[in-house]
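Heads up: the structure comes next, in structure tokens.
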Amino acid sequence: MGCCNSKDTKEPKESKEVKPDPVPEPEPVKQVTVVETPDAPLSPKHRSTTVVVDPRIERTRAVCAHNSTCPFRYDVCTVVGGDVKCYFADGIVYRIEKDGVWYLYNDSVDYEAHVEVRFGPGSTITAGDMALETEKTGWICGHCVLYPLQTLCCASGTPNGYKVNITVKPLSEEYRKEACAAANHTAESETDAVRSLVEDVTDEEAVLCRCVESKTPYVDLTFPPNADSVARAGKDSRTLPLMAMMRPTQYLQENKRMSANDFVGPAIPMCLDQGSLGDSWLMCAAAIAAEDEAVVRNMFALGSPEEKVVGAYRVMLNKDGWWHNVIVDDYVPTMSHMPVFGRSWDDPAELWPLLLQKAYAKVHGSYASVTGGDTLQALVDFTGSAMYRFDMEWEEAVTDASKAHSLAEALVQFSSAGASIVLSTPGIHSKSYLGCKQESDPAAFSAHYAEVGLRTGYTYYVERVVIVEKLHVLFKVRNPWRSSGKWAGAWSYGSQEWTQNPAACSLCGVQEDPQDCTFWISWDDAAQYFDGGGVLFSSTGATDYRVKGVFQETIPSAILEITAHESTQVLLTLSQPDKRGVDFKECSSLFAPIMLTMSKKEGSLQRVQKNTSCNPANPSENFNFIVGREVAMWVTLEAGERYHIVPRMHHRGILVPYNRPYVMGLISMNDLKGHVQVEAKQLESDSSAFTNYIAYNSEELPSVEVECQMHLPGKAPVTYVSATVV
Numbered sequence: 001m002g003c004c005n006s007k008d009t010k011e012p013k014e015s016k017e018v019k020p021d022p023v024p025e026p027e028p029v030k031q032v033t034v035v036e037t038p039d040a041p042l043s044p045k046h047r048s049t050t051v052v053v054d055p056r057i058e059r060t061r062a063v064c065a066h067n068s069t070c071p072f073r074y075d076v077c078t079v080v081g082g083d084v085k086c087y088f089a090d091g092i093v094y095r096i097e098k099d100g101v102w103y104l105y106n107d108s109v110d111y112e113a114h115v116e117v118r119f120g121p122g123s124t125i126t127a128g129d130m131a132l133e134t135e136k137t138g139w140i141c142g143h144c145v146l147y148p149l150q151t152l153c154c155a156s157g158t159p160n161g162y163k164v165n166i167t168v169k170p171l172s173e174e175y176r177k178e179a180c181a182a183a184n185h186t187a188e189s190e191t192d193a194v195r196s197l198v199e200d201v202t203d204e205e206a207v208l209c210r211c212v213e214s215k216t217p218y219v220d221l222t223f224p225p226n227a228d229s230v231a232r233a234g235k236d237s238r239t240l241p242l243m244a245m246m247r248p249t250q251y252l253q254e255n256k257r258m259s260a261n262d263f264v265g266p267a268i269p270m271c272l273d274q275g276s277l278g279d280s281w282l283m284c285a286a287a288i289a290a291e292d293e294a295v296v297r298n299m300f301a302l303g304s305p306e307e308k309v310v311g312a313y314r315v316m317l318n319k320d321g322w323w324h325n326v327i328v329d330d331y332v333p334t335m336s337h338m339p340v341f342g343r344s345w346d347d348p349a350e351l352w353p354l355l356l357q358k359a360y361a362k363v364h365g366s367y368a369s370v371t372g373g374d375t376l377q378a379l380v381d382f383t384g385s386a387m388y389r390f391d392m393e394w395e396e397a398v399t400d401a402s403k404a405h406s407l408a409e410a411l412v413q414f415s416s417a418g419a420s421i422v423l424s425t426p427g428i429h430s431k432s433y434l435g436c437k438q439e440s441d442p443a444a445f446s447a448h449y450a451e452v453g454l455r456t457g458y459t460y461y462v463e464r465v466v467i468v469e470k471l472h473v474l475f476k477v478r479n480p481w482r483s484s485g486k487w488a489g490a491w492s493y494g495s496q497e498w499t500q501n502p503a504a505c506s507l508c509g510v511q512e513d514p515q516d517c518t519f520w521i522s523w524d525d526a527a528q529y530f531d532g533g534g535v536l537f538s539s540t541g542a543t544d545y546r547v548k549g550v551f552q553e554t555i556p557s558a559i560l561e562i563t564a565h566e567s568t569q570v571l572l573t574l575s576q577p578d579k580r581g582v583d584f585k586e587c588s589s590l591f592a593p594i595m596l597t598m599s600k601k602e603g604s605l606q607r608v609q610k611n612t613s614c615n616p617a618n619p620s621e622n623f624n625f626i627v628g629r630e631v632a633m634w635v636t637l638e639a640g641e642r643y644h645i646v647p648r649m650h651h652r653g654i655l656v657p658y659n660r661p662y663v664m665g666l667i668s669m670n671d672l673k674g675h676v677q678v679e680a681k682q683l684e685s686d687s688s689a690f691t692n693y694i695a696y697n698s699e700e701l702p703s704v705e706v707e708c709q710m711h712l713p714g715k716a717p718v719t720y721v722s723a724t725v726v
């Protein structure tokens, strides 16, 4: 974000550009060579009663336990147990030795492994699925190509030393074409069937209705299951390889197909696998959203069993400040009958992670368009709420103990008020005080994080912020992602810091590791791994009103006039079109400097009370235009007072002949009806309200009809046109 002052003496700063995640293009050929040589029953009064376990806790512990014992990411190896050896630091190829038999397993969906195995002279070896031949030197040699998720019985017997040479390559185009042909032909046929069924009908609701009535498998004609939905040629900066578009009923094992659904158990952060799209920021947002299960379930609340039968789901998203009931089919990109992008790691029949990712890709044009971004912005799109980043405050606190304590106290207050706190590690393009350290050796920088189980360019949920006797600031962080490392430094579970500080142990309730993927870390250590973070303000269960308008040059087509009958706290928001997925030649590809102003009626004048700032919890008396996607502020409307809520745009945001749309939001944890009256009004273009005066004339303003939206908890948003908003 950036800002400019009220008198135009400064240029509006550009918002901080969020660089894309490292593009997970197939890596160069990898090669590795390995050379080795060879009681009594209890009485009734002592019997325990049944303990009811929270399903979320139960699933969390089960996932964590499985993660600790299962070395595989995709976990479809056909061999269970045995001695497992990994040939690469990031997995991919494994050798499993069980009962004297050697197996090879390719635990990837993007690579083929070319394997050469050589057993030393004197080895007693029987061939499995790999052909073997004996050389004149006595070495027994075999070759094979291991394709994605394939398990191969290599050989059995007793080796007298061996050598293994493995070369990993990206899948060839020829292999992809052959592997994807049948599935993509089915997808194309089902798409044609829906087109024939609906003929010239283009309305998505009408198309879905006909599919449900005729029991025709639903295909989203606006985001069809083909290569264009994955990456738009000539529009997206990324290209992605060919993949097989499949439904869960096609790629799941037969015993799982009937149970496929958006939810098949409690939604938890640990069930997500981010896949290989390169949208870790988005999948981090999904994991953080799952911290409050109601947030995730609310996004899917409008789907019906009849629609799911034909493969249609609904996802509620807030795009450009406006609620959208996004309809998607259940086709997703796969390879070897495995979703390539986001998925549920522990139960493949659970679809909400991949459906959420698909819906988000749809509203932005393609899967390729959602690579690289800010996790907090995605959370705003999921919840319709507001956020702010404290990266600057965090960096200042690193060198100033007093600022560190002030930041910690603020985070404690935010957390106590129900807001979500997150911390971020530096991404590959980061220029922060930590990010600049990776320039000399990015691989070593990432390895430094991997040692403690963290990943660069990721955002993590902070479950608690605790200040112990003004001496220690502790963060309880959740790491839901599979990793070989784990935080074992100061304040880790079982460390001496807990026994040395009984007050901290009591305050934090730390007795033993709860096996929920959390860890405790001090401020000093957190500052060495995280380079910032942010706050998402809670809006779960809120009453939410939206009003559309348009800036004609800098003049808004509508403002809000609010008369408060009872004192009410509200969150006011102002959104402009997102530039994600937009062609850079379009006017909306640039953000304008925007601001929201609240004034209160005093006699014949309206006097400015508050303006938005970078922090919604701390509105400003100054006129600060923010170059960003949205701005917001918490305010209290006092009983008996009349207010104006005026959307503002700086003149440096004018792009002729573009009239920039905007959306105002009015969000409250209370039912606003009967508490406030909200009318859409129109200010004259020559009003002093647009020249940064702290007071302007408050004559009776003309009403104007606007497009409004009311979104009540658990219900579909209702759109209406009226001058009366509430």
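Residue numbering for the sequence shown follows full-length UniProt numbering, beginning at 1 and increasing consecutively.
The C-beta atom is built at its ideal place from N, Cα and C for all residues, glycine as well.
Predicted model only: the values in this text are computed from it and were never measured.
Do residue j and residue i have their beta-carbon atoms positioned less than 7 Å apart in this structure?
i	j	result
E112	K177	no
V264	D347	yes
Y433	E291	no
E306	V212	yes
T568	V676	yes
K470	I559	no
G278	T371	yes
A267	A183	no
residue 751	Y529	Not covered by the structure: residue 751. The range shown for the chain is 1 to 726.
P616	Y313	no
Y696	S687	yes
W523	K476	no
T134	I125	no
G418	S539	no
residue 769	V465	In this structure the chain extends from 1 to 726, so residue 769 is not present and cannot be described.
Please name the residue, chosen from the options, that lies closest to residue i on a Cα-to-Cα basis.
i	options	result
V219	T167, A187 and Q250	A187
R629	S430, A447, M316 and A386	A386
E707	N670, F475 and M664	M664
A131	H143, I125 and G122	H143
C508	A312, D686, K486 and H472	H472
E699	V725, H644, N670 and P480	H644
V721	L605, V656, V547 and I562	V547
In its own chain, which residues sit with a C-beta less than 8 Å from the C-beta of residue i, not counting the 5 before and 5 after it?
i	result
K610	T597, M598, P619, S620, E621, M633 and V635
P41	Residue placement at P41 cannot be trusted, given a pLDDT of 45 that sits under 50; what the coordinates show is reported in the next sentence. Here the set comprises nothing.
S484	A450 and G453
Q496	none
Can you list, in chain order, the residues of its chain with a C-beta nearer than 7 Å to that of residue i? Leave out the 5 residues immediately preceding and following it.
i	result
M595	N611, T612, F623, N624, F625, I626, V631 and R648
A289	V295, V296, L379 and F382
T249	R257 and A260
S43	Residue placement at S43 is flagged as unreliable, the pLDDT there being 46, under the threshold of 50; the coordinate-derived value follows with that caveat. Correct list: empty, nothing qualifies.
S6	Any reading at S6 needs caution, since the residue's pLDDT is 43, under 50, leaving its predicted position unreliable; the model's value is listed next. Excluding residues within five positions, the ones whose Cβ falls inside 7 Å are N622, F623 and N692.
If you follow the alpha helix (DSSP H) that residue i is part of, which residue opens it and which one closes it?
i	result
A287	S280 to A289
A193	E173 to V198
residue 728	Outside the shown range of the chain, which is 1 to 726, sits residue 728, and nothing can be said about it.
Y449	P442 to A450
P305	P305 to V309
S415	A401 to S416
T249	P248 to Y251
Please work out which residues of its chain come closer than 6 Å, Cβ to Cβ, to residue i, disregarding the five sequence neighbours upstream and downstream, and give them in chain order.
i	result
G541	P713
P26	In this prediction, P26 has a pLDDT of 48, which is less than 50 and means its spatial position is unreliable; what the coordinates show is noted afterwards. Contacts found: D110 and P170.
G549	P556, S557, A558 and Y662
M710	Y545 and V718
Q606	S599, H644, Y696 and S698
Just to confirm the assignment, what range does the beta strand (DSSP E) spanning residue i have?
i	result
P661	R660 to S668
N67	That residue, N67, is in no beta strand (DSSP E); its alpha helix (DSSP H) goes P55 to T69.
W523	W523 -> not in any beta strand (DSSP E); alpha helix (DSSP H) instead, spanning W523 to A526.
M316	A312 to K319
Q709	V706 to H711
A113	Y111 to F119
N697	A695 to N697
W574	Note that residue 574 corresponds to Leu in the displayed sequence, not to Trp. Segment T568 to S575, the beta strand (DSSP E) holding L574.
Given 8 Å, three or more beta-carbon pairs between the segment 574-589 and the segment 318-331: yes
If you pair each beta-carbon of the segment 334-343 with each one of the segment 397-406, do three or more pairs fall below 8 Å? no
Answer yes if the segment 96-110 comes into contact with the segment 133-153, meaning at least three C-beta pairs across the two stretches below 8 Å, and no otherwise. Touching, yes, given that three or more Cβ pairs across the two stretches are closer than 8 Å.
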